[in-house]
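Numbering (our numbering), first residue to last: -17 to 144.
Notes for the one structure printed next.
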């Protein structure tokens, strides 16, 4: 079996995150519907629109690499999203629901930050300049979303949940 290089790992991870973004896109409306706090609902709706743009950017990355956009099933994101679904079911109607939704959403964001951070680093190493720029834009959005969720939690939602 031939050894695989960083370029192949990059492509594998790109497919992983492409799959993940599609799964996240399907889940965000459910989270928005479940949320009680209007600002949290708005944050989920806003991230849904952002995720559509992130998928378009990933399609551009695939194009720059002369690759067909395709996802590779990602057990990690499936598990994280399953945990979020459990929170929605178990805490439905309760005072801690929104805090649980934020925690679940942040688990997704932290996964994405880790993946996009690695992809950006690898793109730089293998000299994929245009690709790196597109991925950095998404990485910045993921960090902003994580920060927004933290602010919502700390300013009101966690306090109200207690």
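Glycine included, C-beta positions come from ideal geometry on N, C-alpha and C.
Three-state class that DSSP yields for residue i in the structure shown
| i | result |
| --- | --- |
| residue 144 | coil |
| residue 77 | coil |
| residue 138 | helix |
| residue 84 | helix |
| residue 133 | helix |
| residue 59 | helix |
| residue 52 | coil |
| residue 116 | helix |
| residue -16 | coil |
| residue 122 | helix |
| residue 101 | helix |
| residue 95 | helix |
| residue 107 | helix |
Cβ neighbours of residue i in the same chain (closer than 6 Å, five flanking residues each side left out)
| i | result |
| --- | --- |
| residue 83 | 13, 17 |
| residue 131 | 84, 87, 88 |
| residue 23 | 14, 17 |
| residue 74 | none |
Own chain residues within Cβ distance below 7 Å of residue i, not counting five before or after
| i | result |
| --- | --- |
| residue 86 | 65, 66, 69 |
| residue 116 | 39, 42, 43 |
| residue 112 | 46 |
| residue -12 | 104, 107, 108 |
The alpha helix (DSSP H) enclosing residue i, as first and last residue numbers
| i | result |
| --- | --- |
| residue 35 | 20 to 46 |
| residue 11 | -12 to 16 |
Cut-off 8 Å between Cβ atoms - residues of its own chain near residue i, not counting five sequence neighbours on either side
| i | result |
| --- | --- |
| residue 62 | 86, 89, 90, 93 |
| residue -3 | 52, 53, 54 |
Test item: CB-CB of residue i and residue j under 7 Å
| i | j | result |
| --- | --- | --- |
| residue 30 | residue 46 | no |
| residue 1 | residue 53 | yes |
| residue 81 | residue 20 | no |
| residue 102 | residue 119 | no |
| residue 124 | residue 95 | yes |
| residue 98 | residue 121 | yes |
| residue 5 | residue 59 | yes |
| residue 32 | residue 3 | no |
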